[in-house]
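*Asks:* Mind having a look at this structure? Questions to follow.
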Amino acid sequence: MKKLFTFILTLIIPFIIFAQNDYYPIQCDGEIPSDFIRKTSDKIEQANNDIRKNRSDLSRKQHKKFNSMTNYYVDYLLKSGRIVFGTSMNDYVNKVGDYVLQFYPDIKDDIRFYIVKSPYVNAFTTEQGIVFINIGLIAQLENEAQLAFVISHELIHYKYHHNLSTYSENQKANSDWGDYKTLSRNKKENRLAQYSHTQEYMADSLGFLEAFSKSEYSFDEALTLYDVLLYSNLPFDEIEFDSAFFNDNNYKLDSKYILGEVDFISNPDDYDDTKSSHPNIKKRRDNLISLITQYENTNRKKFVISKKDFLELQKEARFEMSNLYISNLEYGKAFYNSYLLLKKYPKNKFLKKTLAYTVYAVAAHKKQGGLSDVVQSYKKMEGQSQRVNYFFRKAGSKTQLLLAVKLLWNYHLEYPKDVFMKDILDDAMRILISRASFTFDKISPPAIVNLQTDSTSANDSITKPSFIVLSDDDYDKLSKYDKIRYDRKYQEYFGSSSKKTKSTKKKLNYPYILSTESISADFKKYFKEMEAIYKNDDEYYEEEEDKEQEKLNISRIILVNPLYFKVSSGSLVINDFEEKEKGVTESIKTMAAKKGIRINLVDIMSIDYDDVDKFNDLALMNSWLEELENLSYNDRQSRIIPWQSNYLSNIREKYNMRYIATMGVLDTKVKRTSGNVFWVLVGGVVMWPASPYFVSVAVSDHNNVNYFFYCVDLDTYKIVYFDMNKIHGKSTLDVINSLNYNTVYELNRL
Amino acid sequence: MKKLLFILLVIGFSAFKASAQNPGYMGKHIVISAEGTFSGSIFLMQKTWLKYGTTIEIVSGKKHSLGLGYLYNSTKFPYQSFQHGCYKYYKDNSKLISHSIGIDYYKYFGGSIAPLGDFFRLRLFYMFSKSDDFYSNRVLNSDPSTCYSNEASFDSYDNFGTSIYFGRKRIFYDMLAVSYGFKLGVVLVNPYFSNPIDIYDRDVNLIENYGSYENFYSTLISLDVSIGFVL
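Heads up: the protein sequence lines correspond to chains C and S, in order. Convert by adding 1366 to the 1-based position in the first sequence; the result is the number in the working numbering. Convert by adding 58 to the 1-based position in the second sequence; the result is the number in the working numbering.
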């Protein structure tokens, strides 16, 4: 028996260790809930049948409009792939939710909890009974009691139909109904904000009175939740970013890239909330304190369901945050998030991967433009994460590219089978050599040879470290001459000033970054190979052009989530969008078939309840395409390899397709502006015989069809076809067919 | 005329050759339509002209097409009576018949892909106008010995013209093409293609005078509708 137990342990332990040392982004599991699959039109119809007069002041027509809008937007979110279900994270949230729901027996059966893949601290509830909780909030929560209070609060919004009454109030304000008639625009806004504040106080108070006070949870945690909200702009922890992260024996990060002192975290809790939808934290805290003091708050718990499960939930959320930040192109935040986690999980592959990737991503943006889009100015930040952004903003592009190569090379040595990261390393080398004109010869020879870095160099000249970095106190004790000698020697070793004095002439610091790596024969060989490919920039791009001239022979495409929107005078037209969307999809499939292209549609409408894998594929592809779009600038090509390409290789193999595409149609109808009408009428006067035509144009609405389609090569991550067209007229079938046929015609020519 | 035919052939050949290198409408590149134009009183003039004919459009690029068009117009003369030379001319309810043959260039704009959507069409046309029976209805009204020798006997008037048509084309059931819009045009006297005109008789050439008036105002501005097939 003991042998059997040992045997099982030996089988299991490696998997446990592996799981702890890596992380795969969160994915849905189990049967797909009907919320995701049911047609929006069916939901709207059902909601319209359930309209009850006593819930709001809205007319039946207005209530129907509310049902249309809310169901449309909620479904758009549900079907976007950003919502998570069926995971262990969901299980835990559901358990806490069920616990809280025992105090809301009348709405218990209506409620569903889902997790949103968003890094921002937020939770919200819909009139349909869905409570959405962002991963950003979970990552910041300290305990289960805080989560329970969030849920208690959100359920009050549902129970008392706050969404509906807010919509009703907005309608009154927009139509100058009742008291709103006499108010200025500014006062209207203030009054609407006040109305919203009342609801938030109500959700806090009733959430506490109806549920939280009856639970076993500690009331203190309801109050500490306000701190979570107050400091939600900060990362989940405050640890000093140590620039030694980049250092080794031969390189020390230049002190000018290191921010001396970070700004004090000043978030005031009594901020001006006149225009805010929520009251300020101080008011909310005071409101709750006045209630809590009326209740006994002893022997209460931070955890009722499971502390262990909560910590797992929190850990997973924090890991996921790095993934979400990178996908959102918030590289500064991603770097610091992973840095914080690495302190606790120093051997985690995922964290090393995200850190190396973010440095590559920032360096590429710094060199190729767009840095301000991906790294926030450190001046707008507070706390320790300021140092990271300071470094990314201040360090030169060569320094950053070399550091990226350093991290990526060392990652490659540790995980040589990671093909994606090898691609990233190659791309970093491409930018370094072709754009930054850096060659192997420019690397400064290492002052200290580390035997461990490369066994083949054991016979090379080996110098042992003869230089010891002094502490500030020891440095101060040196004589003037020794200080000068020290500084010179420091420069010699590290190429940067010692930060204690600037008495020596400044030398370039970046040639030392890869000094240690340059000892390795493998690295030298690799660098030289890359140099041969990318050294002559022109030649490289000529080759690229030649490649583009080769016929792509696109015969199969994955088409992700075709979209159809109709907007009339600024309002979304929801009536028949699903039929229209289906029409657009059928059209592209038919047109593609005419040109011999097979379309594999990955769309929520085509997914069955039990096909969660396809749902995950859709979510990933949607998210990947969004990332690619965000990374693409005027040239419509991504400046770097998108992060989520890492996970897309499985999909490529699964569908056996090299090309992925997405498309959308936006039908707009707008009233002509007075200026527009004027010029049309002028035309009518000038060409008076045609005046009836001009008059008819002047009084009619202006219709446009906006169409986009783009196709990406999964081999190169490049957009091989991009079409954005705007046609006068309506999105009739002939127009859609014409646009779609043109697209497949062009694809066929590539 | 040979020159005109040669030009038409070259354009037709070029259009067919180019048609394979653009998407057309779902791979279809030819639109053959019946066309009707309405002008005159609809634009506050005293008379109404209805012309009809046919057009063929060959899509030659993503944004443009080439084509040929023919329009027929038959319009009544008002009561006419005058004396000229040895004869008195008298005719009621005679018809002026015109045949217009043109070459077209279509430019699609506003994001449209030929042959669908908003377009303008530039047409260069040649117009034959004639009245078959006007001069046959003459009577001798004086002593033949005193008659002029240079008797006017021609009965036709031709001219050159150009028009621009702004329209929108829709396609139904992937085959039925409908265009609608308005057209502005001018007619010009063309010394190369017109029949010889006796300069001494120009002032009294009824066909010329009347044809000139008819052609000018019927071409000036018109509504245009065509229905046809996409092939």
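Idealized CB from N, CA, C, for every residue including glycine.
1) Can you give the Cα-Cα distance for N1414/C and Q1766/C, rounded to whole angstroms?
2) By the 10 Å Cβ neighbour count, where 16 or more other Cβ atoms means buried, how is L291/S classified, buried or exposed?
3) Mind listing, in chain order, the continuous beta strand (DSSP E) runs of no fewer than 3 residues lying wholly within the stretch 1492–1567 of chain C?
4) Which residue from S1743/C, V2036/C, M1747/C puts its Cα closest to that of S1632/C?
5) Consider the Cβ of K2092/C: report whether some Cβ of chain S lies at a distance smaller than 8 Å.
6) Mind pulling the chain S residues with CB within less than 8 Å of V2101/C?
7) My assumption, with CB atoms under 8 Å, is that G28/S sits in contact with I2093/C. Please give the rounded CB distance.
8) Against chain S, does Y2076/C count as a neighbour if the rule is that its beta carbon must be under 8 Å from one of theirs?
9) Are there three or more Cβ pairs, one per stretch, closer than 8 Å when the stretch 1772–1785 of chain C is compared with the stretch 1632–1643 of chain C?
10) When you compare the CB positions of V1628/C and Q1750/C, do they come within less than 8 Å of one another, or not?
11) Under DSSP, the alpha helix (DSSP H) around L1443/C begins and ends at which residues?
12) So, does the CB of K1431/C fall closer than 8 Å to a CB anywhere in chain S?
13) Using the DSSP secondary-structure output, state which residues sit across from R1478/C in a beta bridge.
14) Alpha helix (DSSP H) containing I1790/C: first to last residue?
15) What does C2077/C pair with, by DSSP beta-bridge criteria?
16) Can you say whether P1730/C is buried or exposed, counting buried as having 16 or more other CB atoms within 10 angstroms of its CB?
17) Indicate the three-state DSSP secondary structure (helix, strand or coil) for G1936/C in the structure shown.
18) Using a Cβ-Cβ distance cut-off of 8 Å, determine whether M84/S contacts chain C.
19) R228/S: which of I161/S, V283/S, G127/S sits nearest, CA to CA?
20) Could you check which residue in L1596/C, E1952/C, M1971/C has the C-alpha nearest to that of R1964/C?
21) Taking the C-alpha atoms as reference points, what is the distance between L1444/C and L1984/C?
22) Compare the beta carbon distance of E1582/C and V1670/C with 8 Å and say whether it is the shorter of the two.
23) Considering only residues of the same chain and omitting the five flanking positions on each side of V1450/C, which have a CB-CB separation below 7 Å?
24) Can you tell which of L2099/C, A2027/C, M1435/C, N1616/C has the C-alpha that lies nearest to the C-alpha of T2109/C?
25) According to DSSP, is V1450/C helix, strand or coil?
26) Just the chain C side, please: which residues come within less than 7 Å of D282/S by C-beta, in chain order?
27) With a CB to CB cut of under 7 Å and the five nearest residues on each side skipped, what residues in its chain are close to V117/S?
28) Please state the DSSP three-state secondary structure of G1949/C.
29) So, under 8 Å CB-CB, L1967/C and L1925/C are touching, yes? Tell me the CB distance rounded to an integer number of Å.
30) Have a look at E1535/C, I1477/C, G1463/C and flag the residue whose alpha-carbon is nearest the alpha-carbon of D1401/C.
31) If you check the beta carbons only, do E1587/C and N1509/C fall under 8 Å apart?
32) Which whole-angstrom value is the C-beta distance of E1493/C and H1519/C, which I expect to be below 8 Å?
33) Is it right to say S221/S is buried, meaning 16 or more other beta carbons lie within 10 angstroms of its own, or is it exposed?
34) Note down the Cα distance separating E2019/C from Y2025/C, rounded to an integer number of angstroms.
35) My parser needs the alpha helix (DSSP H) runs of 4 or more residues fully inside the stretch 2036–2063 of chain C; what are they?
36) Beta-carbon of S270/S versus every beta-carbon of chain C: anything under 8 Å?
*Replies:* Let's see:
1) Position 48 of the first sequence holds residue 1414/C. Position 400 of the first sequence holds residue 1766/C. For N1414/C and Q1766/C, the distance between alpha carbons rounds to 57 Å.
2) The question about residue 291/S has no answer, for chain S in this structure spans 59 to 289.
3) 1496–1500
4) The residue you call residue 1632/C lines up with position 266 of the first sequence. Closest by alpha carbon: M1747/C.
5) The residue you call residue 2092/C lines up with position 726 of the first sequence. Output row for K2092/C: interface = yes.
6) The sequence position of residue 2101/C within the first sequence is 735, counting from 1. Simply L174, G175.
7) Residue coverage of chain S in this structure runs from 59 to 289, which leaves residue 28/S outside it and unanswerable.
8) Along the first sequence, read from residue 1 onward, the residue named residue 2076/C stands at position 710. No, Y2076/C does not count as interfacial toward chain S.
9) no
10) Working through the first sequence from its first residue, we reach residue 1628/C at position 262. Working through the first sequence from its first residue, we reach residue 1750/C at position 384. Yes; because the gap between Cβ atoms is below 8 Å, this pair is in contact.
11) Counted from its first residue, the first sequence places residue 1443/C at position 77. 1426–1444 is the span of the alpha helix (DSSP H), which, as asked, contains L1443/C.
12) Locating residue 1431/C in the first sequence gives position 65, counting from the first residue. No, because no Cβ of chain S sits closer than 8 Å to the Cβ of K1431/C.
13) Position 112 of the first sequence, counted from the start, is the residue given in the question as residue 1478/C. R1478/C is bridged to I1496/C.
14) Mapped onto the first sequence, residue 1790/C falls at position 424. 1785–1796 is the span of the alpha helix (DSSP H), which, as asked, contains I1790/C.
15) The residue labelled residue 2077/C in the question sits at position 711 within the first sequence. BP columns for C2077/C point to A2027/C, Y2087/C.
16) For this step, residue 1730/C is matched to residue 364 along the first sequence. The displayed chain sequence assigns Ala, not Pro, to residue 1730/C. Buried.
17) Locating residue 1936/C in the first sequence gives position 570, where the first residue counts as 1. In the structure shown, G1936/C sits in coil (DSSP, three-state: anything other than H, G, I, E or B).
18) Translated into the one-based positions of the second sequence, residue 84/S becomes position 26. Yes, because at least one Cβ of chain C sits closer than 8 Å to the Cβ of M84/S.
19) Indexing the second sequence from 1 puts residue 228/S at position 170. Closest by alpha carbon: V283/S.
20) Counting from one through the first sequence, the residue named residue 1964/C turns up at place 598. Among L1596/C, E1952/C, M1971/C, the Cα nearest to that of R1964/C belongs to E1952/C.
21) To locate residue 1444/C, count along the first sequence from 1; it is residue 78. To locate residue 1984/C, count along the first sequence from 1; it is residue 618. Rounded to the nearest angstrom, the two C-alpha atoms are 12 Å apart.
22) Here residue 1582/C refers to the residue found at position 216 when the first sequence is read from its first residue. Here residue 1670/C refers to the residue found at position 304 when the first sequence is read from its first residue. Closer than 8 Å, so yes.
23) The sequence position of residue 1450/C within the first sequence is 84, counting from 1. I1392, C1394, N1456, Y1480, I1481, K1483, listed in sequence order.
24) Position 743 of the first sequence holds residue 2109/C. Nearest C-alpha to T2109/C: A2027/C.
25) On the first sequence, position 84 is the one that residue 1450/C refers to. In this structure, V1450/C counts as strand in the three-state DSSP scheme.
26) For the purposes of this step, residue 282/S is identified with residue 224 of the second sequence, where counting begins at 1. Here the premise fails: no neighbours, minimum Cβ distance about 11 Å.
27) Locating residue 117/S in the second sequence gives position 59, counting from the first residue. For V117/S, where only same-chain residues beyond five positions count, the Cβ hits under 7 Å are S77, N80, G82, H87, S123, A172, P173.
28) Taking the first residue of the first sequence as 1, we reach residue 1949/C at position 583. Looking at G1949/C - three-state DSSP - the assignment turns out to be helix.
29) Along the first sequence, read from residue 1 onward, the residue named residue 1967/C stands at position 601. Along the first sequence, read from residue 1 onward, the residue named residue 1925/C stands at position 559. About 5 Å; that satisfies the 8 Å criterion.
30) Working through the first sequence from its first residue, we reach residue 1401/C at position 35. With distances taken between Cα atoms, D1401/C lies closest to I1477/C.
31) Counted from its first residue, the first sequence places residue 1587/C at position 221. Counted from its first residue, the first sequence places residue 1509/C at position 143. Taking 8 Å as the Cβ cut-off, E1587/C and N1509/C qualify as a contacting pair.
32) Residue numbering aside, residue 1493/C sits at position 127 when the first sequence is read from its first letter. Residue numbering aside, residue 1519/C sits at position 153 when the first sequence is read from its first letter. Incorrect: roughly 16 Å between the Cβ atoms, too far for contact.
33) Here residue 221/S refers to the residue found at position 163 when the second sequence is read from its first residue. S221/S is buried by the Cβ-count criterion.
34) Position 653 of the first sequence holds residue 2019/C. Position 659 of the first sequence holds residue 2025/C. Their backbone Cα atoms lie some 12 Å apart in a straight line.
35) 2040–2052
36) As a first step, residue 270/S is located in the second sequence; it is residue number 212 there, counting from the start. Answer no: the Cβ-Cβ gap between S270/S and chain C never drops below 8 Å.
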